[in-house]
Amino acid sequence: MESEVSQCRVEEALGIVVGKWKPVIILYLLHEGTKRFSELKRSMPGITQKMLTKQLRELEEEDIIKRVVYPQVPPKVEYSMTDYGRTLSPILEAMHEWGTNHVIHKQTIKVVEKEA
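Going by the numbering used here, the first residue of the sequence shown is number 1, and it counts up by one from there.
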């Protein structure tokens, strides 16, 4: 069992998708399809241009998203999910379901504590 734990790749997987903006970017591209940088920026009002650029580059380096630059003026850049990146969909859906259940669980605990 100890060797199985030492070979666990959960930390590596989390390193790719964890962060304030990466899951939002991934889910947006999964559900909305190909988007330009400005469209992504508008969909996440709290993110800075610098942070969005950083997060997109990291996801591109991991082959989660694809960046296509069109040679025109002004430059046109589009982002979309790779086939490999789409394999995250069931994982993120499961995390969303767990997160929803966790919020309900926490609310239930607070109600029980108040009654006690």
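Even for Gly, the Cβ is constructed at its ideal location relative to N, Cα and C.
Look up isoleucine 65 in the DSSP assignment and give the residues it is bridged to.
-> Met81
Report yes if the CB atom of arginine 86 is closer than 9 Å to the CB atom of leucine 52, and no otherwise.
-> no
Contacting residues, own chain, Cβ-Cβ under 8 Å from lysine 114 (five flanking each side not counted) | No residues qualify anywhere along the chain.
Counting only the same chain and skipping the five closest in sequence on each side, list residues whose C-beta sits under 6 Å from that of phenylalanine 37.
-> Once the five neighbours on either side are set aside, the close Cβ partners of phenylalanine 37 are Val77.
Tell me whether the beta-carbon of glutamate 62 lies closer than 9 Å to the beta-carbon of isoleucine 25.
-> no
Is DSSP giving arginine 20 helix, strand or coil here?
-> Going by the sequence as given, residue 20 is lysine instead of arginine. Coil, per DSSP.
Could you have a look at arginine 9 and say whether DSSP puts it in helix, strand or coil?
-> coil
At which residues does the alpha helix (DSSP H) containing leucine 40 begin and terminate?
-> For leucine 40, the enclosing alpha helix (DSSP H) begins and ends at 37-43.
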